[in-house]
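Residue numbers (this note's numbering), protein chains in the order written: chain A, 499 to 625; chain B, 499 to 625.
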């Protein structure tokens, strides 16, 4: 059984976070790591790699489930809604929960410090 | 328009990769970073954080699209099928592609060196 309360894990994203993720993933796209290229882009600055903004979701989910990883068969539907930028603090909020006895379905959003939803995620966890 | 060929980005995952991701995400769950705890678990060894195995998918997708990030409104449905372990090499393969003029729909799988699918992803990219 999941915990009574959905834990809202929060994470501050810095250019250093983004640079570390570039090293880790091998994704050195200038939009992420080159501040001049970011400034000249439609975004007006560097943006985080997509998976960085997802981290608070994965951490909240596994902490809530008390598991190490999403259980096998877990389906996650993700929609990228807005970019995450250096200086943002992202946290994950539970919006809806449903349980039909076969799967737990939750809707969550990763939200930045301005209240903007950067990612929406719907997750189905087999019971 | 996406590139003619879907690029199969490949990535080797090591314990060092996993430790770096723990530093980045703040997720130091023993199943990821403690080799003794991993060995004593149902997995018989440490396993990678979920997002690590997704990296080849995100890199293949954005390289294919020629974009820096999934376009706004992109929906990605992810199923975790098997764990990723240190020593694994993951790559991403295109399985299906459909285009109805409003969205490009693709089905991809992240596959390890043994041919085991570790992640399945269905992506809908608005046109």
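C-beta: ideal position from N, C-alpha, C; glycine also. Just so you know, these numbers come straight off a predicted model, no measurement behind them.
For residue i, would you say it is in contact with chain B, using Cβ-to-Cβ distances shorter than 7 Å as the test?
i	result
residue 593 (chain A)	no
residue 543 (chain A)	no
residue 527 (chain A)	yes
residue 513 (chain A)	no
residue 584 (chain A)	no
residue 577 (chain A)	yes
residue 548 (chain A)	yes
Assuming residue i and residue j are in contact, meaning their beta carbons sit under 8 Å apart, how far apart are those beta carbons, in whole angstroms?
i	j	result
residue 625 (chain A)	residue 603 (chain A)	Not a contact, Cβ separation roughly 11 Å.
residue 591 (chain B)	residue 609 (chain B)	6 Å
residue 548 (chain B)	residue 556 (chain A)	6 Å
Provide the residue span of the beta strand (DSSP E) that contains residue i, from first to last.
i	result
residue 615 (chain A)	615–624
residue 593 (chain A)	587–597
residue 501 (chain A)	Counting along the chain, residue 501 (chain A) falls outside any beta strand (DSSP E), and DSSP gives it neither H nor E.
residue 609 (chain B)	601–609
From residue i to residue j, what distance separates their C-alpha atoms?
i	j	result
residue 621 (chain A)	residue 595 (chain A)	10 Å
residue 538 (chain B)	residue 566 (chain A)	14 Å
residue 519 (chain A)	residue 503 (chain B)	26 Å
residue 597 (chain A)	residue 587 (chain A)	30 Å
residue 516 (chain B)	residue 606 (chain B)	23 Å
residue 521 (chain B)	residue 512 (chain A)	14 Å
residue 501 (chain A)	residue 553 (chain A)	19 Å
residue 564 (chain B)	residue 613 (chain A)	30 Å
residue 560 (chain B)	residue 568 (chain B)	6 Å
residue 506 (chain B)	residue 507 (chain A)	33 Å
residue 541 (chain B)	residue 575 (chain A)	26 Å
For residue i, would you say it is in contact with chain A, using Cβ-to-Cβ distances shorter than 7 Å as the test?
i	result
residue 602 (chain B)	no
residue 540 (chain B)	no
residue 500 (chain B)	no
Can you name the start and end residues of the alpha helix (DSSP H) that residue i belongs to?
i	result
residue 555 (chain A)	548–563
residue 533 (chain B)	533–538
Does the beta carbon of residue i sit closer than 7 Å to a beta carbon anywhere in chain C?
i	result
residue 553 (chain A)	Among the protein chains in the structure shown, which are A and B, there is no chain C.
Cβ contact (3+ pairs, closer than 8 Å) linking the region 615–624 of chain B and the region 578–595 of chain B:
yes
Does the structure place the region 522–540 of chain A close enough to the region 529–537 of chain B that three or more beta carbon pairs sit under 8 Å?
no
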